[in-house]
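Asker: In order, the protein sequences belong to chains A and B. For the first sequence, numbering that gives the first Met the number 0 assigns the number 0 to the initial residue and increments by one for each residue that follows. For the second sequence, numbering that gives the first Met the number 0 assigns the number 0 to the initial residue and increments by one for each residue that follows. We put the beta carbon where it would ideally sit given N, CA and C, even for glycine. Given the structure is predicted, the values throughout are model-derived calculations rather than measurements.
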Amino acid sequence: MILWIMVLLYVLTGVCFITYLFWRRRPVVLIARGMFLASIAIHILLTLSMTGPACPIPLASPVQAANMMVLLASLVFIFFAFRRQTAVLGAFFLPVAGVALGMIAPRLQAGEGALPAMFQAWYPLHTVSVVAGEALFAVAFVVSVVYLIHEGIIRKGHLHWSAASLPPLKLLDRILSACLGAGFVAITAGMLFGALWASSLDVDLSQIAMKISAGAAMWLVFAFSLHQRFAIRWSGRRTALITIAGFLIMIILFVGVNLAYPGAHGAGLAR
Amino acid sequence: MNRLGCLSINHRSAPVEVREKVVLSPQDFRGLCARGRGEVYALTTCNRSEVYWTGVDELALLQHVASLSGVSGEDLRGYCEIFRGEEAIRHLFMVASGLDSLIIGENQILGQVKDAYRQALAAGTTSTFLNKALHRTFRTAKRVRTETSIGRYPVSVASQAVELACHIFGDISASPVLVIGAGDMAGIAARRLKDRGAGDLCIINRTFSAACDLAAELGGKPRSFSALREELLRCAIVITSTGSPAPIITRAMMDGVMKQRRNEPMIIIDIAVPRDVEPEAGKCYNCYLYDIDALKSIVDKHVSFRQEETDKALTIVSAEVGRFARWAGSLDAQATIRDLFSLMDEYIASEMGANSLEPRHAAIVEQKLRSSLKRYLHRVASYLKAHPTLTNIEQTRRIFQLDEDYQDRHKG
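1. Give me the Cβ distance between B:T43 and B:V22, rounded to the nearest whole Å; I'm assuming they're in contact under 8 Å.
2. Against A:I153, what residues of chain B qualify as contacts under a CB-to-CB distance less than 8 Å, listed in chain order?
3. Would you say B:A197 lies against chain A (beta-carbon separation less than 8 Å)?
4. Taking only the alpha-carbon atoms, compute the straight-line gap between B:P14 and B:F28 and give it to the nearest angstrom.
5. Relative to the ligand SAH, is the shortest distance from any of its heavy atoms to the C-beta of B:N130 smaller than 7 Å?
6. I want to see whether chain B comes within less than 8 Å of A:G245, judged by CB atoms only; does it?
7. Any idea what DSSP makes of A:D203, helix, strand or coil?
8. How big is the Cα-Cα spacing for A:L165 and B:G196?
9. Is there a Cβ of chain A sitting closer than 8 Å to that of B:P278, yes or no?
10. Out of curiosity, what's the CA-to-CA distance linking A:A185 and A:F192?
11. Measure from the C-beta of B:K295 to each C-beta in chain A and report whether the shortest distance is under 8 Å.
12. For a minimum of 4 consecutive residues, which ranges assigned as the alpha helix (DSSP H) are wholly contained in the segment 155 to 211 of chain B?
13. Here's the rule I'm using: 16 or more other beta-carbon atoms within 10 Å means buried, otherwise exposed. How should B:Y289 be labelled?
14. Using the Cα positions of B:A65 and B:D99, report the straight-line distance between them to the nearest angstrom.
15. Using the three-state DSSP reduction, which class does B:E277 fall into: helix, strand or coil?
16. Counting only beta-carbon atoms, is A:L170 nearer than 8 Å to chain B?
17. Does the contact criterion of 3 or more C-beta pairs under 8 Å hold for the segment 106 to 113 of chain B versus the segment 331 to 351 of chain B?
18. What first and last residue would you give for the beta strand (DSSP E) that runs through B:D290?
19. Mind checking whether A:F91 and A:V10 have CB atoms under 8 Å apart?
20. A:A162 CB to nearest chain B CB: under 8 Å?
21. I need the boundaries of the beta strand (DSSP E) containing B:I5, first residue and last residue.
22. Report yes or no: is there a C-beta of chain B within less than 8 Å of the C-beta of A:H226?
23. Taking DSSP's pairing of strands, which residues face B:T239 in a bridge?
24. For B:C286 and B:I236, I'd like the C-alpha separation in whole angstroms.
25. In the DSSP assignment, what are the bridge partners of B:A41?
26. In chain order, what residues of the same chain lie with their CB nearer than 8 Å to the CB of B:L213, ignoring the 5 residues before and after it?
27. Which residues of chain A have a Cβ atom closer than 8 Å to the Cβ of B:K300, listed in chain order?
28. Which residues in chain B have a C-beta closer than 8 Å to the C-beta of A:Q84? List them in chain order.
29. On the criterion of 16 or more Cβ atoms from any shown chain inside 10 Å, does B:E350 qualify as buried, or is it exposed?
30. Check each residue of the segment 254 to 280 of chain B: if its Cβ is closer than 8 Å to any Cβ of chain A, include it; give the result in chain order.
31. Looking only at its chain, what residues have a beta carbon closer than 7 Å to the beta carbon of B:L217, apart from the 5 residues adjacent to it on each side?
32. For B:I347, does the three-state DSSP call read helix, strand or coil?
33. Establish whether the CB of B:Y375 and some CB of chain E are separated by less than 8 Å.
34. Alpha carbon to alpha carbon, how far is B:D299 from A:L252? Give it in angstroms, no decimals.
35. Rounding to the nearest angstrom, what Cα-Cα distance links B:G104 and B:Q306 in this structure?
36. Return the residues of the segment 335 to 351 of chain B that lie within a Cβ-Cβ distance of less than 9 Å from chain A, sorted by chain order.
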């Protein structure tokens with residue numbers, strides 16, 4: 000029940016931020032911020048309630064990992080929500096977050112128990128780093144979408160009044176750069192921890208070849224994006240397009256590997 | 000309300016040669032206000048000079064304005080518009096909301112109306128009626144601005160250019176600005192950028208002295224034309240308006256510049272005819288190029304949008320005029336009721352003074368007379384309180400000849 004209240008709150012907060020995008024009144028953003036805080040508070044409590052002696056961290060399954068990813072991304076967006084220039088970013092993130100939580104909510108209710116291999120030190124390091132990296136890529140994805148929308152409006156020249164609420168391109172580019180940089184560091188560290196964890200389990204590498212290939216492909220996309228950004232100084236539109244492509248690949252791999260090859264990663268591997 | 004008047008010499012009614020002579024300030028009207036219960040509010044902007052008054056003789060005021068401006072009274076009547084009652088308050092609301100401006104929806108006028116009001120308060124030329132009228136004016140202008148989109152989009156090429164730059168860079172105070180050319184258009188755009196906080200301004204012109212003059216006016220830095228490429232590398236916002244017959248910024252040049260800038264975003268506003276920048280230059284990565292035609296077509300859209308919004312704004316103005324008229328009506332109703340009872344006192348006094356009754360009987364007769372008249376007038380007073388329309392008040396004053404009696408009483 001509380002889970003569904005949280006999902007509803009996320010969606011309603013998204014509606015509030017969308018209203019603020021078109022009707023820029025202070026009370027609207029104050030209500031939206033309040034609801035966002037309430038949503039996150041409930042989300043944290045629910046996530047903490049998943050832990051226990053049988054499950055020290057709430058990352059025992061792909062569903063819990065997705066839940067944690069949404070929570071971490073929300074924590075980044077709550078920071079944006081309290082800044083005047085970036086408050087409207089919530090209009091683009093929260094509805095997606097609400098829908099994502101709505102999709103995973105039925106499976107979250109079932110509860111998960113950690114397997115013995117998950118009690119090893121490498122496992123939490125691996126999962127937390129990877130999920131944090133993915134959350135930052137999710138933030139970068141949303142910012143990229145906003146960047147492309149705003150840039151399209153600016154190129155046309157007619158600054159529709161809803162565009163007045165959108166953050167300036169330079170600021171969006173800075174946020175994008177910061178998220179990509181931090182996300183890449185987290186993902187790289189997470190992959191290293193994952194490798195150490197897998198080696199400690201003494202598994203056959205061919206068993207997790209699919210996951211390694213998928214992770215490497217995603218890592219390469221973001222490495223390419225960062226290289227172009229810092230070495231060739233691609234910024235703005237091109238970085239935004241690569242980020243969107245990279246994030247979509249990441250989602251496809253995350254869902255694909257975990258659904259098509261359930262034994263090739265995470266809980267499956269731990270068994 | 001009917002005593003409110005407005006004399007307006009504006010961009011429609013008078014040429015600039017006349018307008019520039021009529022510069023009015025509230026201090027000029029202190030003498031008029033000191034003589035009685037009159038109130039005067041004077042407003043002067045670049046497009047209009049207006050006086051709003053109540054309780055002041057219109058003819059005396061016209062003569063006063065004529066003597067202040069040096070324009071003969073007869074000429075002044077030909078150049079001015081006069082509004083009375085509700086039309087005067089409607090005009091004030093429309094002026095403050097930017098609906099009577101040369102550029103519909105412009106918002107500078109409200110600041111000027113407020114400044115003039117501050118001066119009027121300091122000079123002591125306004126009181127209850129005009130104070131209330133002006134507070135209502137500010138409220139109306141605020142409603143028009145917030146409830147309609149009349150002032151939302153820029154309607155000048157310079158403002159649109161600044162707006163685009165703000166959407167790309169956010170705070171433009173940190174973005175260096177390059178102005179190529181020192182003509183009127185470049186100057187206007189540069190001034191607008193300066194007003195919005197641009198701090199680092201560089202002006203390049205083929206005639207270096209003209210660049211120096213504009214730079215001195217704007218607090219910028221003049222550079223010779225040979226420094227163009229160097230400044231393009233440094234500046235993020237470029238405004239160009241030269242008389243050059245051929246483009247001064249080419250695609251090849253911009254390719255090199257953007258490469259050296261490491262693709263740092265740049266906005267180029269080309270308001271020159273013929274164009275100073277090759278259209279192909281706008282295809283460079285992270286380079287946003289707008290020429291005069293592009294900006295003009297956007298601005299034209301904005302102008303027509305403002306005109307569409309005018310209807311909504313006029314509805315708000317009408318509603319506020321109605322509210323103010325009700326308030327003014329109730330104010331006049333109270334005054335009318337007071338005048339009615341004064342008239343009753345006067346009538347009783349004249350009746351009692353004309354008879355030769357004993358004091359004991361006289362007191363009884365006076366008491367009876369007063370009580371009867373009060374009962375009779377109470378009905379009128381109640382009706383006026385319940386229906387304080389201008390028509391009812393006017394008719395009551397006419398039936399009882401209150402205005403004549405009131406003046407006579409005070410003359411006595």
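Answerer: Quick answer:
1. Here residue 43 of chain B corresponds to residue number 44 of the second sequence, with the count starting at 1. Here residue 22 of chain B corresponds to residue number 23 of the second sequence, with the count starting at 1. Yes, they are in contact, since the Cβ atoms of B:T43 and B:V22 sit about 5 Å apart, within 8 Å.
2. Within the first sequence, numbered from 1, the residue matching residue 153 of chain A stands at position 154. Within 8 Å Cβ-Cβ: L163, H166, I167, Y287.
3. Translated into the one-based positions of the second sequence, residue 197 of chain B becomes position 198. Chain A, which has no Cβ nearer than 8 Å to the Cβ of B:A197, makes this no.
4. Start at 1 with the first residue of the second sequence, and residue 14 of chain B comes out as number 15. Start at 1 with the first residue of the second sequence, and residue 28 of chain B comes out as number 29. About 24 Å.
5. The ligand SAH is absent from the structure shown, which contains no ligand whatsoever.
6. Working through the first sequence from its first residue, we reach residue 245 of chain A at position 246. Closer than 8 Å: no.
7. The residue you call residue 203 of chain A lines up with position 204 of the first sequence. In this structure, A:D203 counts as coil in the three-state DSSP scheme.
8. The count along the first sequence starts at 1 and reaches residue 165 of chain A at position 166. The count along the second sequence starts at 1 and reaches residue 196 of chain B at position 197. So the two alpha carbons sit approximately 20 Å from each other.
9. In the second sequence, residue 278 of chain B corresponds to position 279, counting from 1. False, the Cβ-Cβ gap to chain A never drops below 8 Å.
10. Against the first sequence, residue 185 of chain A aligns to sequence position 186. Against the first sequence, residue 192 of chain A aligns to sequence position 193. Cα-Cα distance, rounded: 10 Å.
11. As a position in the second sequence, residue 295 of chain B is number 296, starting the count at 1. Cβ-Cβ to chain A under 8 Å: no for B:K295.
12. 156 to 168, 183 to 194
13. For the purposes of this step, residue 289 of chain B is identified with residue 290 of the second sequence, where counting begins at 1. B:Y289 comes out buried.
14. Locating residue 65 of chain B in the second sequence gives position 66, where the first residue counts as 1. Locating residue 99 of chain B in the second sequence gives position 100, where the first residue counts as 1. Using only the alpha carbons, I get a separation of about 24 Å.
15. Along the second sequence, read from residue 1 onward, the residue named residue 277 of chain B stands at position 278. It is coil, neither helix nor strand.
16. Reading the first sequence from its first residue, position 171 is the one you call residue 170 of chain A. Closer than 8 Å to some Cβ of chain B, the Cβ of A:L170 qualifies, so yes.
17. no
18. What you label residue 290 of chain B is simply residue 291 of the second sequence in a count that begins at 1. Where B:D290 is concerned, the enclosing beta strand (DSSP E) stretches over 286 to 290.
19. Here residue 91 of chain A refers to the residue found at position 92 when the first sequence is read from its first residue. Here residue 10 of chain A refers to the residue found at position 11 when the first sequence is read from its first residue. No.
20. Counted from its first residue, the first sequence places residue 162 of chain A at position 163. Yes, A:A162 counts as interfacial toward chain B.
21. Stepping through the second sequence from its first residue, residue 5 of chain B is reached at position 6. With the sequence shown as reference, residue 5 of chain B is identified as Cys, and Ile is not the correct amino acid for it. That run of the beta strand (DSSP E) goes 4 to 9.
22. Taking the first residue of the first sequence as 1, we reach residue 226 of chain A at position 227. A:H226 does not count as touching chain B.
23. Working through the second sequence from its first residue, we reach residue 239 of chain B at position 240. DSSP, once it has assigned bridges, lists B:I179, B:D269 as partnering B:T239.
24. Counting from 1 along the second sequence, the entry for residue 286 of chain B is found at position 287. Counting from 1 along the second sequence, the entry for residue 236 of chain B is found at position 237. Roughly 10 Å separates the two Cα atoms.
25. Looking up residue 41 of chain B in the second sequence gives position 42. Note: B:A41 sits in a beta bridge opposite B:V50.
26. Working through the second sequence from its first residue, we reach residue 213 of chain B at position 214. Excluding positions up to five away in sequence, the list reads V178, A181, A185, G186, A189, I202, N204, G219, P221.
27. For the purposes of this step, residue 300 of chain B is taken as the residue at position 301 of the second sequence. Here the neighbours are H157.
28. The sequence position of residue 84 of chain A within the first sequence is 85, counting from 1. Chain B residues near A:Q84: G169.
29. Sequence index remark: in the second sequence, residue 350 of chain B carries index 351 (1-based). So B:E350 ends up on the exposed side.
30. R261, N262, E263, P264
31. The residue labelled residue 217 of chain B in the question sits at position 218 within the second sequence. Within the same chain, B:L217 has close Cβ partners A189, R190, K193, L200.
32. The residue given as residue 347 of chain B occupies position 348 in the second sequence. Three-state DSSP puts B:I347 in a helix.
33. Considering every chain present, this structure includes no chain E. Its protein chains are A and B.
34. Counting from one through the first sequence, the residue named residue 252 of chain A turns up at place 253. Counting from one through the second sequence, the residue named residue 299 of chain B turns up at place 300. So the two alpha carbons sit approximately 49 Å from each other.
35. As a first step, residue 104 of chain B is located in the second sequence; it is residue number 105 there, counting from the start. As a first step, residue 306 of chain B is located in the second sequence; it is residue number 307 there, counting from the start. Looking at the two C-alpha atoms, the distance is approximately 9 Å.
36. none
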